[in-house]
């Protein structure tokens with residue numbers, strides 16, 4: 079890991095964990111940044127390699143900085159023929175936008191350079207409310223955003239969205255409770271500021287009793303109030319101990335859907351109505367996590383065409399009971415089928431809800447551009463599943479038309495390794 083303070087960037091090997099990168103930056107104290115540095119926005123689960131996080135558009139909650147993929151300034155990757163290549167907007171803007179969220183299709187990322195910002199004090203405000211009330215708040219932002227879009231004014235759009243910037247929510251599905259947490263960055267550190275410490279509570283916390291996974295069917299998740307004690311860390315992220323505990327606690331599948339902000343409030347109200355009327359909350363054992371992410375430039379980013387509300391939900395019942403968690407899958411289906419939701423590239427749900435990905439339908443504004451970057455610049459080095467290609471729907475003419483945006487990767491190649 080290497081910090082460049084003049085460029086406000088850090089260069090890091092792809093296999094470094096996000097947690098280790100954040101710790102390194104926090105301890106990098108200098109005249110320019112006495113309190114160290116940090117990433118502009120980072121994810122809740124930070125024990126993921128930074129290369130994998132960028133390749134799948136892993137995100138926190140930021141309507142200003144977007145996902146981690148949107149914070150990268152250059153990428154080095156090994157292609158399928160052994161070529162080591164560098165990618166950046168300067169070398170090839172078209173190819174860069176394809177590489178920002180490559181999902182492993184264009185090569186193996188080995189090194190990245192990301193933007194960094196000086197650490198600063200953050201004010202955190204917590205609110206305990208019903209999820210129905212929060213849906214009303216999202217609906218208000220939705221309507222304001224739709225009006226602002228019509229003006230075409232970036233400042234009007236930001237004014238409409240800013241109340242959800244860096245907002246994170248824990249949603250207790252069976253009880254209808256929600257814990258909303260908002261953050262504001264402070265220019266000056268107050269005298270009573272609390273230094274970052276290891277969180278004493280996380281979203282994985284449960285009842286004090288030692289209850290096994292197989293006994294949880296009749297247990298309700300803890301109430302939101304129980305989670306508000308003792309956490310001095312500013313931005314919520316899973317502690318290392320909690321990460322180890324959750325990985326060994328019980329097998330589970332983590333799903334995440336993203337809904338366009340233009341319909342997010344309406345969608346949330348609809349899903350809540352179905353959960354209440356059909357008692358779908360019985361399929362949930364841990365809180366859902368709701369976040370908001372701005373538009374990204376990467377062609378395959380879930381937010382390539384605008385900001386979205388992300389809802390992260392976990393299924394703890396299917397693997398432990400050996401049967402399909404019908405209530406849980408119904409909720410995921412509602413988001414996916416009724417709300418124009420997109421699945422997260424790095425999480426569960428694809429076989430059930432997207433058995434064969436139709437990029438021209440789900441990413442209509444950017445799918446062809448990604449396809450021509452692969453077709454023209456990588457030729458036959460990347461093997462794309464037949465079902466993806468067959469449903470692209472743009473044909474050779476569409477590919478050739480958009481391929482003119484890119485001069486190729488000749489400039490990007492820095493080293494070639496001969497295969498035996």
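In the numbering used here, the protein residues as written are 79 to 498. For glycine and all other residues, C-beta sits at the position ideal for the given N, C-alpha and C.
DSSP-derived helix/strand/coil call for residue i
i, result
"residue 525", "The requested residue 525 is not part of the displayed model; the chain covers only 79 to 498."
"residue 330", "coil"
"residue 362", "coil"
"residue 92", "coil"
"residue 181", "coil"
"residue 193", "strand"
"residue 187", "strand"
"residue 79", "coil"
"residue 453", "helix"
"residue 294", "Bear in mind that a pLDDT of 37 at residue 294, under 50, signals an unreliable position, so the number given afterwards is only what the model happens to contain. If DSSP states are grouped into helix, strand and coil, residue 294 belongs with the helices."
"residue 142", "coil"
"residue 98", "helix"
"residue 404", "helix"
"residue 116", "strand"
"residue 176", "helix"
"residue 310", "At residue 310, the pLDDT of 34 sits below 50, so the modelled position is not reliable and the matter cannot be decided from this model."
"residue 289", "Its pLDDT being 36, under 50, residue 289 is placed unreliably in this model, and the value from its coordinates should be taken loosely. In this structure, residue 289 counts as coil in the three-state DSSP scheme."
"residue 123", "coil"
"residue 108", "coil"
"residue 415", "helix"
"residue 425", "coil"
"residue 278", "Low confidence applies here, because residue 278 scores a pLDDT of 34, under 50, leaving its location unreliable and the question unanswered by this model."
"residue 147", "helix"
"residue 169", "coil"
For residue i, the first and last residue of its enclosing alpha helix (DSSP H)
i, result
"residue 40", "With the chain covering only 79 through 498, there is no way to say anything about residue 40."
"residue 446", "445-450"
"residue 128", "128-133"
"residue 352", "342-356"
"residue 238", "232-239"
"residue 428", "428-431"
"residue 505", "This structure cannot settle anything about residue 505, because the visible part of the chain is limited to 79 through 498."
"residue 440", "437-440"
For residue j and residue i, believed in contact at Cβ under 8 angstroms, the rounded distance
i, j, result
"residue 358", "residue 402", "About 14 angstroms; that fails the 8 angstroms criterion."
"residue 369", "residue 139", "4 angstroms"
"residue 364", "residue 394", "6 angstroms"
"residue 423", "residue 181", "5 angstroms"
"residue 367", "residue 122", "6 angstroms"
"residue 361", "residue 406", "4 angstroms"
"residue 141", "residue 239", "5 angstroms"
"residue 453", "residue 390", "The pair is not a contact, with the Cβ atoms about 34 angstroms apart (cut-off 8 angstroms)."
"residue 179", "residue 378", "4 angstroms"
"residue 83", "residue 110", "5 angstroms"
"residue 349", "residue 413", "6 angstroms"
"residue 185", "residue 158", "7 angstroms"
"residue 90", "residue 128", "6 angstroms"
8 angstroms Cβ cutoff, residue i in contact with chain D
i, result
"residue 373", "The structure shown contains no chain D, having only a single protein chain."
N-terminal and C-terminal residue of the beta strand (DSSP E) that residue i is part of
i, result
"residue 152", "150-156"
"residue 391", "386-393"
"residue 163", "162-165"
Counterpart residues of residue i in DSSP-defined beta bridges
i, result
"residue 247", "258 and 368"
"residue 201", "262"
"residue 420", "336"
"residue 87", "82 and 193"
"residue 206", "257"
Any non-hydrogen atom of the ligand NAD within 7 angstroms of residue i CB
i, result
"residue 116", "Among the components modelled here there is no ligand, and therefore nothing to report on the ligand NAD."
**Prompt:** Using 8 angstroms as the threshold, is the stretch 332-351 in touch with the stretch 379-398, meaning 3 or more CB pairs across them?
**Reply:** yes
**Asked** Does the stretch 137-149 touch the stretch 436-444, meaning 3 or more C-beta pairs lie closer than 8 angstroms?
**Response** no
**Request:** Report yes or no: do three or more beta-carbon pairs, one from the stretch 187-198 and one from the stretch 242-249, lie closer than 8 angstroms?
**Result:** no
**Request:** Count the C-beta pairs between the stretch 204-223 and the stretch 182-191 that are closer than 8 angstroms, then say yes if the count reaches three, no if not.
**Result:** no
**Asked** If we count Cβ pairs, one from each stretch, closer than 8 angstroms, do we get three or more for the stretch 208-227 versus the stretch 250-261?
**Response** yes
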